[in-house]
Every structure is written in structure tokens, then in C-alpha cells.
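UniProt numbering puts the sequence shown at residues 1 to 606. Notes to accompany the following structure.
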Amino acid sequence: MGEMAMDGYGPDKAVRCSVSFDTPCGSMLRELEQIWTDIGEREQDKDRMFLELETECMRVYRRKVDSANADRAQLRQSLMAKQAELKALVASIGEDTPQLKVDEKHASLKEQLAAVTPLLEDLRATKEERIKQFSNVQSEIEKINAQISDHSYQHERLNNDYDLSTRRLADLQMQLRNLQREKSDRLQKVFVYVDEVHCLCAVLGMDFANTVKDVHPSLHGTDSENSTNISDSTLEGLTQTILKLKAEKRNRVLKLQDIVEKLHKLWNLMESTEQERRHFAEVAAILGSSEEEITSPNILSLETIQETEEEVERLTKQKASRMKELVLKRRLELENICRHAHMEPDMSTAPEKIIALIDSGLVDPCELLSSIEEQIAKANEQSLTRKDIMERVDRWLSACDEETWLEEYNQDDNRYSAGRGAHLNLKRAEKARVLVQKIPTMIDNLIDKTFAWEDESNVPFLYDGVRLVAILEEQKLRRVQKEEDKKRYRDQKKLQNLLLKEKELIFGSKPTPKKTSSFNRRMSSHHPNGNGSGFMTPMPRRVSAGSATPELLTPRSYSGRYNTYFKENRRMTPAPLNFSTASKDDSMSSFASISGSEPDSPLVLH
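In C-alpha cells form, the structure reads like this:
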């Protein structure tokens, strides 16, 4: 308040307030005093009011001091509690706990608390994690002990004062690993025993479920390893069961081998077919097999042994020789396979040769049968490798059928009539047009596939004895030539229209009846399937030498007649198919006669 005296308020006014006028509060006091002066307040009132203000400020300061003291006490109490908890955690967790690094003499309470809090949180989390680890390890140890000892499992909770040090945890983990190793060994041994029992039961035709359930119920009907019993009693029970099953298997093998030996003698004597032997093929295989090699399911079952005995009795009563019929039958089967796959069968085993060889006695019929069996196996294998290409050939031939039908449909003048089934033909025509547009792509893809097959197989792909690529290339060329002929015909038609227009410009719009009839007569001769106008797209002449869509590719002859078509390609000439070769010269002579009948006709042929 010393500055107030300098402003002319007197020396007694300098002690009214302890706040300096240099501060914002002092500036406000100065403004307040000026206001009071302007109002006319007395000096005594001013002093009294200044004193009240100072008293009120002191009360505010006191409240702040008391609140700060309470906060400090609370911080000290919280710090002490956290430090005590920190020490307890350090003692419980062990030697790997981080230490508090803070100078308590120079650091404030908040700094100390800020340093202790994150460390305490980390230790709490570490303790919780350590408790979980201890609990999990202890639980697994108790479970495995219960499984090995075949007692019930009871889990015990950890006490708060439990040793949570890493050393104790490492000891428990080592104990758990040892128990897990022992459990794994026992479990593996149980699985091996159970698998062996399963294999033996399958071979003997016995009920596996009832067999293992007699040892322990947990050995069947569960997918959980933890539920599988691994006690000593279970292992001993499985061992005894395996010994009993092996003894039973040994007895049945000896019995069945004796029966199969008799069966082989009868087969060789009667020259039985492979089809007749196929039912007992697995049984017959045990004759040269050891006991360990016999693993087929039900091969040693009581039903199999009884069925084999009955077959021996049946064959004993039969004394017929059918080797020639069998060989011819297998040869017919080979021919059917080759015909279905459009392959050529091996002519070394042709029926006439087979009959001659068997009748002459120069070849053992069994060797012929074995040779044909090998050819059948080879034909089946080749048929599988050719399946994809053959399916594509079928789709291509089907598309060619649709193309032939579409051409015939387009020549029908009544195709748009409202007759019965017209809408079905119209829909079919729409689909056929889309399919016909895909034929070139189908041929290209088929050629690529065939080349890839030939590169992989290192042999040409033959279709009924003809290389398929040659057929496809020829059909591809014929389609190109066909399109060129169509384009040439369209160009001729444009030229014809141009000549007619030029003639009309020169001689008038109405030609003489003689010339008109002559022109129409020539065009009608050029287009025998036309509608009289002379401008209809021509119907391609069917050439038996191998058109891309001849009549023999219709669906009703799909199964056999297109084979003849492919065989015809072997006799085809390289001459391309031409739709209008026969009539092109006549058309051009007509155009020349029309354009040359008048002296002023322009020359339009280049």
C-alpha cells in the first residue's frame, strides 16, 4: 500500500492492504479506492472495507492450506501403502523383480508416487500371471498323475503366501515336462496297441468296439486324448488281447492257406476266367504271403473261410473247359473298349489269329489270356487319358449337327409360320447360331489340347486310325474356304446389283421382259433353293468328301455314322469345298452378257 501514499492519499492509507499495487490485485484495489473517493466514502469506511477484504482473503488462504495439508497426508498414506504392497510383492515373486529408483529426500510425494505406481502395477500383473502359470502347471501335474494312477482328479487352489518365485515355477515345469513325457509315451503305446487290435479285428472280422471295451471303455468312442485311459492295467489288458488275437490269426491263416491251395489247383485245371477268380482274388493272394503281410479287412473272417470252402466244393463238381470261349470273350471286351474310345485294337490278338493259335497248340491259352488282359489294361489307361479330348470332340460334332440343322432351317420358307412347334424351332435356331459361332474356337482349342496330349504321350492321337489333328486342320481349312466362298458370293451379289442399277440408269427403270426373265432365270439356276428373288443365301451343296457339316453328322446317326465320316477323310482329296464352283462361271457370263449388251455399259470388273 506504499504506492497509495504517492498518489496523495496520505501516509495512513499505505497500511490499508498488504497487497502491492504493482500486482493485478493491487491495480483493482487502486481502482476500488478511486471509486470510493469519487463516491465520497470516508477514510474510516475505506479502512474498514479494506480490512474486511483482507480478512476474507485470509479465510480463503486458510482453506487452501488445510486442503493442501489433507492432500499431502493422503498422498503420504497412499505412498506408504503402495510401498508396503511393493515390498510384499517383491518378497512373493522373488529375485527377478525390478527395484525402485527414486531419491525420497529430494523427490516430491507425487514424484515418489508416480515412480511407485507403474512399478506396482507391473508387479501386480506379474503376480497374477505367475499365479496363472503356477495354477496351470499344478493343474496339469495333478491331471496327469490322476490319469497314470487311475484315480479321480482334484484341483487345489494356491494360497496367498505361496512361493511364486521363478525358481519354484521352473521346478514345477520340469516336473510337468517329465510327467508329460511319460504320458506321451504311455499314450503312444496305447494308440499303437489299439491300432494293432483294430487291424487284427479287421482281418479276423471281429467286432473291434466290443474287444477294446472289454479292456477299458475309454478306448473306443472318444476323440479326446485326455479321456483315453493310460494306466498300467489298461496297457496290460491290451497286451493280453493282442496275444490272443495273434494266436487266432495264426490258426486261421494255416486253415485258409490249405483251402486256397486246393482252389488254385482247381482254377488251373478248369482254366477259370479272371472274372470268376476276381471274387476270390484277395483270398487267393494269401497263399504266398506271410502272416504279417495279410492285412486286408475280413480276409480271415469265418464267413470268408466258409465261402472259400463252398467255392472249392462247387469247382470240384465242375469239369468243363472254356478257355477258347474265355479268350474270345476277353478279346471282344477289348474291341468294345477300343470302339467306344475310337481306338484301333491290337491286331496281334485278332479273333481269327487267336482261334488259329489255340487250335494249332503252338501257344499256351493262358499266355494268350494274359496278353489280352494286358492289352485291356493298356486300352483302359489310354481311354482315361483321351477322355477330355473325346468329350471335346463330341461337343464339336454336336455343334456341327446344329450347324447342319440351322442351314436346313434357314432354307425353309415356312420357318416363320405359326405352325405347331415353330416357336421351339425358333429358339433352337437362336441357340444354334450362338453355338455355330463357337465352332472355330472349339476346333482351335481341340487342336491345342490334342497337340499337348501328343507332346505328353509322345504318340499321335488317332481317331479310328486317323490322326485327329489332321482331321481338325482339314475341317478348319474347309471352314475358312467356306467363309471365303460365302464372302465371294456376297461380293458377286453386290456386283450384280450394281450392274442392274447401271443398266437401269442407261436404258430406263423397266427392263424388257426378255432380259428380265433371262436374268431371273440365270439367278434361279444359280440358286436352286432360292425364293425366286435371286438374292437368297445359297444352300451349300453337300459333298460326300467331307464337308464340315454333312448330313451324316445329324444326331440320329451320331453314334456310328460320324465314325464313317472320319474314316472317309483318309480318302479325301486336298481340293477345298466350294459352294458355287459349278455356277460361278455361269453367273459371271450372265453379268458379262448384261453389261456387254449395251455399248455404253461401264466396265466394273477389275
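Beta carbons are placed, not taken as given, at the ideal position from N, Cα and C, and that holds for glycine. This structure is a prediction, so every number in the text was calculated from the model and none was measured.
(message) DSSP has Leu462 in a bridge; who is on the other side?
(response) Arg467
(message) Let's test the definition: count the other Cβ atoms within 10 Å of the Cβ of Arg433 and tell me whether it reaches 16, buried, or not, exposed.
(response) exposed
(message) Are the CB atoms of Thr241 and Val215 within a distance shorter than 7 Å?
(response) Yes, these two residues count as a Cβ contact at 7 Å.
(message) Residues in the same chain with beta-carbon distance under 7 Å from Pro574, minus the five sequence neighbours each way, listed in chain order, please.
(response) Only weak support is given to the placement of Pro574: the predicted model assigns it a pLDDT of 34, under 50, and the question is left unresolved by the model.
(request) Take the Cβ of Phe461 as the centre, count every other Cβ of all protein chains shown within 10 Å, and call the residue buried at 16 or more, exposed below. (result) buried
(message) Just verifying my parser: in three-state terms, what is the DSSP assignment at Thr537?
(response) Confidence at Thr537 is low in this model, with a pLDDT of 34, below 50, so its placement is unreliable and no value can be given for it.
(request) Give the straight-line distance between the Cα atoms of Ala114 and Glu142, rounded to the nearest whole angstrom. (result) 42 Å
(message) Considering only their Cβ atoms, is the gap separating Leu326 from Thr404 smaller than 7 Å?
(response) no
(message) Please return the same chain residues whose Cβ sits closer than 8 Å to the Cβ of Glu454, not counting the five positions on each side in sequence.
(response) Short of 8 Å from the beta carbon of Glu454, and not among the five residues preceding or following it, lie these beta carbons of its own chain, in chain order: Pro460, Phe461 and Val469.
(message) Relative to the C-alpha of Ala452, which candidate in Thr55, Asn178, Ile389 and Lys476 has its C-alpha closest?
(response) Ile389
(message) Which of the three DSSP states is assigned to Thr404 in this structure?
(response) helix
(message) Let me make sure I understand the geometry here. Which of Ala281, Ile35, Leu397 and Leu302 has the alpha-carbon closest to that of Val436?
(response) Leu397
(request) Answer yes or no: do Ile294 and Ile286 have a C-beta to C-beta separation smaller than 7 Å? (result) yes
(request) May I ask you to report which of helix, strand or coil DSSP gives Gln257? (result) helix
(message) Between the alpha carbons of Ala170 and Leu187, how many angstroms are there, rounded?
(response) 25 Å
(message) Short of 8 Å in beta carbon distance, which residues of its chain neighbour Thr349, apart from the five on each side in sequence? Order them along the chain.
(response) Arg331, Leu334, Leu368, Ser371, Ile372 and Gln375
(request) Taking only the alpha-carbon atoms, compute the straight-line gap between Lys486 and Lys501 and give it to the nearest angstrom. (result) Rounded to the nearest whole angstrom, the CA to CA distance from Lys486 to Lys501 is 23 Å.
(request) Determine the DSSP secondary structure at Asp195, reduced to helix, strand or coil. (result) helix
(request) Counting only the same chain and skipping the five closest in sequence on each side, list residues whose C-beta sits under 8 Å from that of Leu406. (result) Ala429, Ala432, Arg433 and Val436
(request) Measure the beta-carbon distance from Lys127 to Leu89 and round it to whole angstroms, keeping in mind my assumption that it falls under 8 Å. (result) 6 Å
(request) Kindly indicate which three-state DSSP category Asp491 falls into: helix, strand or coil? (result) helix
(message) Rounded to the nearest angstrom, what separates Arg76 and Ile35 at their Cα positions?
(response) 48 Å
(message) So, does the region 241-258 touch the region 195-212, judging by three or more C-beta pairs under 8 Å?
(response) yes
(message) Tell me the residue span of the alpha helix (DSSP H) that contains Glu85.
(response) Glu43 to Ile93
(message) Whole angstroms are fine: how far does the CA of Tyr489 sit from the CA of Lys482?
(response) 11 Å
(request) Measure the CB-CB distance between Gly94 and Thr166 and report whether it falls below 7 Å. (result) With a cutoff of 7 Å on beta-carbon distance, Gly94 and Thr166 are scored as near each other.
(request) Kindly list the residues whose CB is nearer than 8 Å to the CB of Gln382, restricted to its own chain and excluding five residues on each side of it in sequence; keep chain order. (result) Cβ neighbours of Gln382 beyond the five flanking positions: Ala341 and Met343.
(request) Using three-state DSSP, classify Thr316 as helix, strand or coil. (result) Helix, per DSSP.
(message) By alpha-carbon positions, which one of Glu111, Glu85, Asn136 and Ile144 ends up nearest to Glu121?
(response) Glu85
(message) I need the boundaries of the alpha helix (DSSP H) containing Asn229, first residue and last residue.
(response) Run containing Asn229: none; DSSP gives neither H nor E here.
(message) What does the Cβ neighbour count give for Ala379, buried or exposed, with the cut at 16 atoms within 10 Å?
(response) buried
(message) Am I right that residue 609 and Val116 are in contact with their C-beta atoms under 8 Å? What's the rounded C-beta distance?
(response) Residue 609 falls outside the range modelled here, since the chain spans only 1 to 606, and no answer is possible.
(request) Tell me whether the beta-carbon of Val312 lies closer than 7 Å to the beta-carbon of Lys262. (result) yes
(message) Considering only the alpha carbon of each residue, which of Leu243, Ala247 and Pro217 lies closest to Thr234?
(response) Pro217
(request) Taking the CB atoms as reference points, tell me whether Lys183 and Ile144 lie closer together than 7 Å. (result) yes
(request) Can you tell me which of the three DSSP states Ile442 falls into? (result) According to the sequence as given, residue 442 is Met; it is not Ile. Helix.
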